[in-house]
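Single-structure report; data block below.
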Amino acid sequence: MALFFIAILFKIFNLQYVDGDKYRKLSEEITERNDTIFANRGNVYASDGNLLATSMSKYTIRMDVVAVKSEVFEKNIKELSKSLSNMLGNSVSHYQNKLRQAKKRKNRYLLIARSVGYNDYVKMKSFPIFKLGVYRGGFIAEQKTVRAHPIGKIAERTIGYDDHRGGAGIEGAFASYMEGENGWRLKQKIAKNQWKPINDVNEKEPIDGRDVITTIDVNIQDVTHHALLRQLEYFEAEHGCAIVMETKTGEIKAIANLGRTSKGKYYEKRNYAVWESHEPGSTFKLASLMAALEDKVVDTSTVIDTEKGRIFIHGKKVEDSKHGGYGKISLARVFEVSSNVGIVKAIRKHYDKNPKKFTDRMSDFGLDQMTGVKIKGEGKPYIPLPSDKKRWNKISLEWMAWGYGVSLTPLQTLTFYNAVANDGEMVKPRFIKELRVGSKVEKRFDKVVLKKKIASQVTIDKVRKVMENVVEKGTADNIYSPNFSMAGKTGTAKKVVNGAYSSRNYVASFAGFFPAKNPKYSCIVVVHDPKKEKGYYGAIVAAPVFKEIAQKIYTTTPIDNQAVSDTISIESIDKDYRSYYTKLQKAIQKVPNVKGMSGMDAISLLENIGLNVQFSGTGKVTYQSMTIGQEFKKGNTIILKLS
Numbered sequence: 001m002a003l004f005f006i007a008i009l010f011k012i013f014n015l016q017y018v019d020g021d022k023y024r025k026l027s028e029e030i031t032e033r034n035d036t037i038f039a040n041r042g043n044v045y046a047s048d049g050n051l052l053a054t055s056m057s058k059y060t061i062r063m064d065v066v067a068v069k070s071e072v073f074e075k076n077i078k079e080l081s082k083s084l085s086n087m088l089g090n091s092v093s094h095y096q097n098k099l100r101q102a103k104k105r106k107n108r109y110l111l112i113a114r115s116v117g118y119n120d121y122v123k124m125k126s127f128p129i130f131k132l133g134v135y136r137g138g139f140i141a142e143q144k145t146v147r148a149h150p151i152g153k154i155a156e157r158t159i160g161y162d163d164h165r166g167g168a169g170i171e172g173a174f175a176s177y178m179e180g181e182n183g184w185r186l187k188q189k190i191a192k193n194q195w196k197p198i199n200d201v202n203e204k205e206p207i208d209g210r211d212v213i214t215t216i217d218v219n220i221q222d223v224t225h226h227a228l229l230r231q232l233e234y235f236e237a238e239h240g241c242a243i244v245m246e247t248k249t250g251e252i253k254a255i256a257n258l259g260r261t262s263k264g265k266y267y268e269k270r271n272y273a274v275w276e277s278h279e280p281g282s283t284f285k286l287a288s289l290m291a292a293l294e295d296k297v298v299d300t301s302t303v304i305d306t307e308k309g310r311i312f313i314h315g316k317k318v319e320d321s322k323h324g325g326y327g328k329i330s331l332a333r334v335f336e337v338s339s340n341v342g343i344v345k346a347i348r349k350h351y352d353k354n355p356k357k358f359t360d361r362m363s364d365f366g367l368d369q370m371t372g373v374k375i376k377g378e379g380k381p382y383i384p385l386p387s388d389k390k391r392w393n394k395i396s397l398e399w400m401a402w403g404y405g406v407s408l409t410p411l412q413t414l415t416f417y418n419a420v421a422n423d424g425e426m427v428k429p430r431f432i433k434e435l436r437v438g439s440k441v442e443k444r445f446d447k448v449v450l451k452k453k454i455a456s457q458v459t460i461d462k463v464r465k466v467m468e469n470v471v472e473k474g475t476a477d478n479i480y481s482p483n484f485s486m487a488g489k490t491g492t493a494k495k496v497v498n499g500a501y502s503s504r505n506y507v508a509s510f511a512g513f514f515p516a517k518n519p520k521y522s523c524i525v526v527v528h529d530p531k532k533e534k535g536y537y538g539a540i541v542a543a544p545v546f547k548e549i550a551q552k553i554y555t556t557t558p559i560d561n562q563a564v565s566d567t568i569s570i571e572s573i574d575k576d577y578r579s580y581y582t583k584l585q586k587a588i589q590k591v592p593n594v595k596g597m598s599g600m601d602a603i604s605l606l607e608n609i610g611l612n613v614q615f616s617g618t619g620k621v622t623y624q625s626m627t628i629g630q631e632f633k634k635g636n637t638i639i640l641k642l643s
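Start counting the sequence shown at 1; every next residue gets the next number (the UniProt record's numbering).
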C-alpha cells in the first residue's frame, strides 16, 4: 500500500514539475474546441396548467476591483453603493467600506451577492462602474441553473429532485425524459481565455427535455396541505401525510407529506405516503370484514358477543376502547364502533382451523402487492402467511383481524379503499397524465387496472353501507354533516418502541371516500405520534382533516347531484363549507366573512358566489372591502388584503 501511494506522489510531481511546461504549452496551442450547449430541462405542470417546477437562472455577482481605474472608482463608488443598497438592503456606508477595503487589498474576486435572479442581474449590469463591463468595470456574473417551485413548498417531496442528491419524486422518476440532449458548438480561440463561435449555427442543436403534466390539482393540493398542517401543529405530531385520489381513474389529485423539525416547524421531509409501511390498525378491519362476507361465513346482521370489551387470546389481551364493551351487537355495529373484540372473535371463529383461507383473501384484495407507482421508494406490504413458520405464530390470525402484524403504506391502503369506492375495480395510483414536447403530446399515461374485481358487488355494497354508518353513527360521527355524505373507517394503532407496543406512541388514521353514493374521490389521512395528552384516536386526529378536504372540494368542484340543505346562512359558511359549487351559486346573496381565511380559500369562495376578487399580499385575509352580510350582485368587486 505504501509503494502505491509513493507511485501516485511521483506521478503528481512528474506532471507538475517535469512535464508541466509541456502540457501548458500544448493547451496554449489549442485553437479550436467544442463548447457544450446545455439542453433546457422540461417543466413540471399541474393538471390545470399551473407550473410546479421549472429551471431558472441564478447568478453569483462578484467584482474585480483591480480592473477599475482609480479615478473611475472614486467618481462612482457612492452611486454604486446607493444602487447596491437599494437592491440588496444593507446601508450605503456598508458597501462603500466594503468596496474601499477590497480596493486596498487588490481583491479581484469580491463577493457582492449570491442567488440573484435574472431581472436583478440585468439591473445590476447597468449600475455605475458595473456597466463598463468585465475589463473596465470589474463586473463578474457567474450563472447557474437551479430548479424552482413557483407554488412554494407545497407537494415539494412528490415533485422531487434530480441532482447531486440523486433522484426522488417525479423529477427523479422521469429524469430520462426531462433532461433532454445537450448540443455543442465549435469555437475558435481569439485571445487568452477568449473564444468565439466559428459558424453562425451550432454543430449539434440541443434538444430540450419533455414537459411532465401531472395529475395534481393545485387547489385540492393547497387545501390538503394546510388542513394536514393545522392538525399536525395542534396535536404536535411527529409527521403525517394525506392523499386524495380520483376514484374512477386513480389520478392523485393531492399528496401532502409533512415532518417536524427540531424547532417544531413542518416541511415536506420525506414521502411518507409512498415510502412508509406501518401497522394500520383498525382501517385494516375493512379487509377482515370483506373476507368473512366473501366467504359467506357471516353477514352484517350476524350477532357477535363482545362480552365486557376484553378477551385474552393465548394470554394476550384484546380490548375495546369503550370500558365495559358493547355486549351483543351485529357485525355491522362491530365495524361501526370499531370493536376489536368483535372483529377478532368473528375472524377467529371461522378461520382458526384454516388461516390460509383468510390470507388468500388478502391476496385477492391485492394487499400483498406493491402498487408499482413510478416514484422511487415505495414500501413493501407485509401480510404474514401460515406457511412462514418463522414468522407465523399462534396469534397471527387474530392480530391481523384488527390490523396488527401486517404492514402497508398509506398509498397501498388508499388503493384498497379506492377499489371499494370504485365498485371493486382496483386501479393503479397515477401521478402523471402525459409527457409533452411544446404543445404536442408525446406520451399519454392512461388508467391501469390492477384487479378487475376484488370482491363481489354484494360484499362491496354491504361494506360501503357500514362505512357510511361509521360517519353517521359510528366512531367518526364527529365529522358527520347533514349537507354532504362521506364514508370511511377510523384507525388507531399502537407503535412498537424498543421492541414492545408503546402506550404513548400511536398512529391515527382515517380512510374513506366521498360522496358516499357514486364516490368521486377517495382520501386517506395518517398522523404519527400525536401528543397523547391532546388526543390520539383516528376520529379526532385524522378524520377532521378528511372532512375539511371533502367539504372544500364540495365547495369548489362540481360533484354529482345529491341532496343538500336548502338553507345556507352566512354563519354556516364561516364555520363550515357545507355546500358545493352549484348550491352556493343559487343560495348565497350576501357577503360572507372571510377574515382569517387563507387567501386561496377566501378567493375560491368569493369567486364561486359570483364576486370579482382583487387582492394584494400573501397569507390570511386581514381586510375585506365589502361589509359582512352586505347584499351584492354578481360581478361586483371585493378587495382583499392578505398578510
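Cβ coordinates follow ideal geometry from the N, Cα and C atoms, glycine included.
query                                                                                                         : result
CB-CB length for Gly403 against Gly491, believed under 8 Å                                                    : 7 Å
Gln585 to Ile252 span [Cα, whole Å]                                                                           : Since pLDDT at Gln585 reaches only 38, below the 50 mark, its modelled position is unreliable, and the value read off the structure follows with that caveat. Gln585 and Ile252: Cα-Cα distance of roughly 28 Å.
The beta strand (DSSP E) enclosing Phe615, as first and last residue numbers                                  : Asn612 to Ser616
Unbroken beta strand (DSSP E) run spanning Thr36, endpoints                                                   : Glu32 to Ile37
Alpha-carbon to alpha-carbon, Tyr45 and Gln96                                                                 : 45 Å
Reduced DSSP secondary structure (H/G/I, E/B, other) of Asp360                                                : helix
Whether Asn271 touches Ile375 by CB criterion (8 Å)                                                           : yes
Every unbroken alpha helix (DSSP H) within the stretch 371-448, with a cutoff of 4 residues, ordered by chain : 396-401 and 410-421
Selected residue, minimal CA-CA separation from Gly172, among Val373, Val318 and Ser485                       : Val373
Option nearest Lys634 by Cα separation, candidates Ile628, Lys590 and Val594                                  : Lys590
Own chain, CB closer than 6 Å to Ser565, minus 5 neighbours either side, in chain order                       : Unreliable placement is indicated for Ser565, whose pLDDT of 38 sits below 50; no coordinate value is reported for it.
When Gln221, Phe130 and Asn86 are compared against Lys153, the one with the closest alpha-carbon              : Gln221
Length at least 3, wholly inside the stretch 497-525: the beta strand (DSSP E) runs in chain order            : 500-514
Unbroken alpha helix (DSSP H) run spanning Ala332, endpoints                                                  : Leu331 to Glu336
Anticipated Cβ contact below 8 Å, Ser407 with His278, distance rounded                                        : 6 Å
Through-space distance from Leu367 to Val427, alpha-carbon basis                                              : 13 Å
Sequence-distant residues of its chain with Cβ nearer than 6 Å to Val92 (five each side left out)             : Ser81, Lys82 and Ser85
N-terminal and C-terminal residue of the alpha helix (DSSP H) that Ser288 is part of                          : Lys285 to Glu294
Local Cβ density within 10 Å of residue 704, reported as buried at 16 or more and exposed below that          : Limits of the chain in this structure are 1 at one end and 643 at the other, which puts residue 704 out of reach.
Cβ-Cβ distance between Glu425 and Lys453 below 8 Å                                                            : yes
For Lys131, three-class secondary structure by DSSP                                                           : helix
Option in Thr145, Phe73 and Ala148 with minimal Cα separation from Gly137                                     : Phe73
Sufficient close CB pairs (3 or more, under 8 Å) joining the stretch 236-245 to the stretch 520-532           : yes
Exposed unless 16 or more other CB atoms sit within 10 angstroms - verdict on Met626                          : buried
Glu71 in three-state terms, based on DSSP                                                                     : helix
Contacting residues, own chain, Cβ-Cβ under 8 Å from Asn393 (five flanking each side not counted)             : none
Gly183 versus Lys204: straight-line alpha-carbon distance, rounded                                            : 5 Å
Bounding residues of the beta strand (DSSP E) (the contiguous stretch that carries Met56)                     : Leu51 to Met63
Whole-Å CB distance - Thr302 paired with Ser321, under 8 Å assumed                                            : In fact, because the Cβ distance is near 22 Å, the residues do not count as touching under 8 Å.
Residue range of the beta strand (DSSP E) that includes Gln143                                                : Phe139 to Ala148
Cα-Cα separation, residue 656 to Thr249                                                                       : Since the first residue shown for the chain is 1 and the last is 643, residue 656 is missing from the structure and cannot be characterised.
Cβ pair Ala511, Leu414 closer than 8 Å                                                                        : yes
Inter-residue Cα distance where the pair is Met486 and Leu88                                                  : 52 Å
Rounded straight-line distance, which links the Cα of Thr145 to that of Gly209                                : 15 Å
Which of helix, strand or coil DSSP assigns to Lys462                                                         : helix
Rounded straight-line distance, which links the Cα of Glu32 to that of Gly180                                 : 26 Å
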